[in-house]
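Notes follow the structure.
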Amino acid sequence: MTSSTARRPTVLISGASRGLGAELARIYAADGWRVLACARGSVSRTGEADRFQLDVADPASIEALGKALAGVAIDVLINNAAVRGDTGGLSTLEADDFLDVMRVNALAPLLMTRALLANLKDGKRRIVVNISSRAGSLAEGTLDDDDGDYAYRCSKAALNMATVKLAQDLKGDGISVLSLHPGWVKTDMGGSDAVVSVADSAAGLKAIIDRADLAASGSFHAYDGRRISW
Ligand SMILES: NC(=O)c1ccc[n+]([C@@H]2O[C@H](COP(=O)([O-])OP(=O)(O)OC[C@H]3O[C@@H](n4cnc5c(N)ncnc54)[C@H](OP(=O)(O)O)[C@@H]3O)[C@@H](O)[C@H]2O)c1
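End of the sequence shown sits at 473 in the numbering used here; the numbers just go up one at a time, nothing left out.
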C-alpha cells in the first residue's frame, strides 16, 4: 500500500455544529484526519469534513447514522453533543427537562457506541471519548461550583458510569473508553465568563486522546491532563 492509498485516521464527532465540537472537527481535519462531523442542523467551521445529520436525542437518527456508515472504520468516536437543561435548582426542576438532558447527555453516548461498535473494531486506535464535566464528579463537582443544574450534573455522573461500564465491556475488543472534562470553556454553554478558550480546550483534549491507550481506559481527566476523582 502506498501512502496515497493508506486510510487516513478517522474521527466521528457529535455536536459539531458549534462550540467545542466544531473546534475539535477543525483541529482534527487540520491534522490530516478524516472527520465525520455530525450535527442536527448545519455544520460550520469544520474545515474539510464529511457531514452527517444526527440528532442524538432520537435513537432512530443514531441507528440511521450507524447504517449510513456501515463498513467505515472509525478510530476515535467523540460523544460531544450535550445540553445544559434547567439551572434554577430544586425549585425549578421539571421532569421532562430532566429526562431530555439525560437522553442527550447520558443515554445517547451509549447508543452511539453500540451503533458504531463494528466501525470502532475496524479502526486502529479504537477509542471512545465521552465529553463529560467535572460538574458530574461526585467527589469534586460541588467543591467550587454551586450552580443549580441538577439535570446536567446527574446526566454527567451517569455518563461517567457509562464510561466505566463500557471500558469493562469493551476491553476484550481493545477499545478504550475515556471521560474527559474540557474545562470551563468559552462557548454558548460555558458563557463569556468562562476561563478556557475553545482552542486551548480542544488542543488539550486532542493531546490526551492522541496518547490514550488501553491502560487509560475507564479514566477521567481534564483537558490539561489532571486526573479528576469520580
Ligand atoms: N463549555 C463548558 O464550559 C463545558 C464544561 C464542561 C463540559 N462541557 C461539555 O463539553 C461538550 C461541548 O459543550 P460546548 O460548550 O461546546 O456546548 P455548546 O456550545 O452548547 O454546543 C453544544 C453542541 O451540542 C449539540 N447538541 C445538543 N443537543 C443535540 C442533539 N440532540 N443532537 C445533536 N447535537 C446536539 C449542539 O448542536 P445545535 O447547534 O444543533 O444545538 C452543539 O453542537 C458538552 O458535552 C458539554 O457538556 C462544556
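All residues carry an ideal CB built from backbone N, CA and C; glycine is no exception.
Could you tell me the boundaries of the beta strand (DSSP E) in which residue i lies?
| i | result |
| --- | --- |
| T253 | 253 to 256 |
| D409 | Per the sequence presented here, residue 409 reads as Leu, with Asp not at that position. That residue, L409, is in no beta strand (DSSP E); its alpha helix (DSSP H) goes 393 to 413. |
| A282 | 277 to 282 |
| V420 | 419 to 424 |
| I374 | 370 to 374 |
| V347 | Run containing V347: none; DSSP gives neither H nor E here. |
| N322 | 319 to 322 |
Nearest-angstrom Cα distance between residue i and residue j?
| i | j | result |
| --- | --- | --- |
| M345 | A351 | 8 Å |
| L381 | G258 | 25 Å |
| D389 | L402 | 20 Å |
| S435 | T330 | 17 Å |
| R454 | D318 | 13 Å |
| L457 | A282 | 29 Å |
| K367 | Y271 | 16 Å |
| N373 | D340 | 21 Å |
| Q296 | A358 | 15 Å |
| G468 | S440 | 16 Å |
| R294 | A325 | 18 Å |
| S260 | L353 | 21 Å |
| D392 | L279 | 31 Å |
| L336 | G275 | 44 Å |
Is residue i near ligand 1, with its Cβ less than 7 Å from a heavy atom?
| i | result |
| --- | --- |
| M355 | no |
| H464 | no |
| V476 | The structure shown has nothing for residue 476, since the chain only spans 244 to 473. |
| A437 | yes |
| L448 | no |
| L297 | yes |
| T406 | no |
| R294 | no |
| P425 | yes |
| V344 | no |
| S460 | no |
| L263 | yes |
| D340 | no |
Buried or exposed: which applies to residue i, given that a residue is buried once 16 or more other Cβ atoms fall within 10 Å of its Cβ?
| i | result |
| --- | --- |
| K449 | buried |
| R269 | buried |
| E291 | exposed |
| T430 | buried |
| E266 | buried |
| T245 | Confidence at T245 is low in this model, with a pLDDT of 44, below 50, so the placement of that residue is unreliable and no value is reported for it. |
| L386 | exposed |
| G384 | buried |
| V438 | exposed |
| S247 | Because S247 sits at a pLDDT of 47, beneath the cut-off of 50, its placement in the model cannot be relied upon, and the following sentence gives the value as read from the coordinates. Exposed is the call here. |
| I452 | buried |
| R251 | exposed |
Below 8 Å on the Cβ atoms is my contact criterion, and I expect residue i with residue j to pass it. Report the Cβ-Cβ distance as a whole number of Å.
| i | j | result |
| --- | --- | --- |
| L320 | V371 | 5 Å |
| G323 | S398 | Before going further, note that residue 323 is Asn rather than Gly in the sequence given. So it is not a contact: roughly 14 Å between Cβ atoms. |
| S376 | H424 | 6 Å |
| I256 | G262 | With a Cβ gap of about 11 Å, I256 and G262 do not count as contacting. |
| R369 | I418 | 4 Å |
Determine the extent of the alpha helix (DSSP H) in which residue i is found, giving its start and end residues.
| i | result |
| --- | --- |
| V315 | Here V315 belongs to no alpha helix (DSSP H), and DSSP marks it neither H nor E. |
| R357 | 351 to 358 |
| R269 | 262 to 273 |
| A465 | No alpha helix (DSSP H) holds A465; the beta strand (DSSP E) holding it covers 462 to 465. |
| V441 | 441 to 454 |
Shorter than 8 Å from the beta carbon of residue i to some beta carbon of chain B?
| i | result |
| --- | --- |
| D318 | Given the protein chain composition of this structure (a single chain), no chain B is represented. |
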